[in-house]
Structures are given as structure tokens and as C-alpha cells.
Amino acid sequence: MLIRRESPADIPYIRDLHAAAFARAADSPGHAEARLVDALRACEGWIPELSLVATDPSGMVAGHVVCSRASAGSYPVLGLGPLGVLPAFQRRGVGHALMHAVLGAAEALGEPLVVLLGHRDYYPRFGFRPAEEYGIIPPDASWGPHFQVRTLTNYTPEMRGEFVYAEPFQNL
9 MLIRRESPAD IPYIRDLHAA AFARAADSPG HAEARLVDAL RACEGWIPEL SLVATDPSGM
69 VAGHVVCSRA SAGSYPVLGL GPLGVLPAFQ RRGVGHALMH AVLGAAEALG EPLVVLLGHR
129 DYYPRFGFRP AEEYGIIPPD ASWGPHFQVR TLTNYTPEMR GEFVYAEPFQ NL
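Using this note's numbering, read the sequence shown as starting at 9 and increasing by one per residue.
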């Protein structure tokens, strides 16, 4: 796998990838995640350096991850998601590689922390901890331990408060 920034030519493949990766049932075809990425790309919270694709040796887009501008209280932070991998490439390390790459890119950009809503058994392997340990309050209290934070070098303990995702997340 090769991990690189998304290019304009990747956009339709990213859309199809998220639709396939998040297809759970006939009534949930995964299009919400595909539309979310398109909406994020069009909003002011978009950070092009943090939209990464994984390609196989033939150049096919097999996975995608994105972080967008969010806030914790009055502090600018990152919201991660969605992270999607084509079903044929799942459980082969693609998501793992994308997570490491986007966290490294966020660190290189001097970001302080990354927040996500995700599986509490999967994301701790990347250093994510429950957000409540850092005083970061989820938009929905029912998210509990699924709402997680990964601090980076520029994190300071006063970065706390109510978390707000980029605007397109509000329309889900």
C-alpha cells in the first residue's frame, strides 16, 4: 500500500469507497459517509493535508481517512472521520496504516489533538483514550467511552470543553 494525499482524480473513488465500506444493510447503504466527505471538502473546516488515501500497487484507491477542523471549547482541534476501507481490503492493515499516517501528518502540522467517535476496542491501539479523561465533552452524552481523544505534542491540559465537529457533521 502507498499512503498519499487525496487528489482531485480520487474524489469519485473516495465517494464509492465510503459507500461500500459503510454499507451495512439495504436501508443503510453508506451514502451518508460518502456525502459527509463531499460536504467536508466544501466547508471551511477542510484541511487538504489531512485527507489521505491508501492505494494498492495498481493505483486503485483502497482506503481513505480525513481529519477536519473542529473545536474543544475555544481551542482548534481535529475531528477524525470517516475512515473507510473497501471491503476487499478490510482486515489487511489498510485502516491501521491510514491511522498512523493521518496521526503523523497531524503531528507534523502542529495540531494538538485528534477526536473521534469510534470503537472503544479498536482505537486505543493508536493511543486514543476516553475524551472525558481530558475534559472534552461530546456533542451527545450517550457516546460515552466511544468518544475518544489522541493527544499530540502540542496538546496542553487547558484544551478542554465542549467538542464541536466541522459544520457538515451537524447535518448527519
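All C-beta atoms in this analysis are idealised placements derived from N, C-alpha and C, irrespective of residue type, glycine included.
Measure the beta-carbon distance from residue i to residue j and round it to whole angstroms, keeping in mind my assumption that it falls under 8 Å.
{"i": "V110", "j": "G103", "result": "The Cβ separation is near 11 Å, so there is no contact."}
{"i": "F177", "j": "I145", "result": "Not quite, the Cβ-Cβ distance comes to about 15 Å (not below 8 Å), so this is no contact."}
{"i": "A105", "j": "A62", "result": "6 Å"}
{"i": "W86", "j": "L121", "result": "The question names Trp, yet the displayed sequence has Leu at residue 86. L86 to L121, Cβ: 7 Å. Contact."}
{"i": "T164", "j": "E115", "result": "15 Å between Cβ atoms; not a contact."}
{"i": "R9", "j": "D46", "result": "The amino acid occupying residue 9 in the given sequence is Met; Arg does not appear at that position. Between D46 and M9 the Cβ distance is about 24 Å, and since that is not below 8 Å, they are no contact."}
In this structure, what does DSSP give as the bridge partners for residue i?
{"i": "P146", "result": "According to DSSP, which records beta bridges pairwise, P146 is partnered with nothing at all."}
{"i": "L108", "result": "Inspection of the sequence shows that residue 108 is occupied by His rather than by Leu. Partner(s): none; H108 has no beta bridge."}
{"i": "P132", "result": "Bridge partners of P132: none, in fact."}
{"i": "Q156", "result": "L124, P138"}
{"i": "L60", "result": "R13, V73"}
{"i": "V93", "result": "G71"}
Looking only at its own chain, which residues have a Cβ that is under 7 Å from the Cβ of residue i, when we skip the five neighbours before and after it?
{"i": "G135", "result": "R158"}
{"i": "S4", "result": "An answer regarding residue 4 cannot be provided, because it is not within the stretch 9 to 180 covered by the chain."}
{"i": "L48", "result": "W54, V74, S76, A174, P176"}
{"i": "I11", "result": "L60, A62, A105, L106, A109"}
{"i": "I19", "result": "none"}
Anyone know if the C-beta pair for residue i and residue j falls short of 8 Å?
{"i": "G53", "j": "S82", "result": "no"}
{"i": "L124", "j": "Q156", "result": "yes"}
{"i": "G71", "j": "F97", "result": "yes"}
{"i": "G118", "j": "H154", "result": "no"}
{"i": "P95", "j": "A28", "result": "yes"}
{"i": "A17", "j": "E57", "result": "no"}
Mind checking residue i: buried by the 16 CB within 10 Å criterion, or exposed?
{"i": "P84", "result": "exposed"}
{"i": "S79", "result": "buried"}
{"i": "H26", "result": "buried"}
Identify, in the order they occur along the chain, each residue of the same chain with its Cβ nearer than 6 Å to the Cβ of residue i, setting aside the five sequence neighbours on each side.
{"i": "G143", "result": "R168"}
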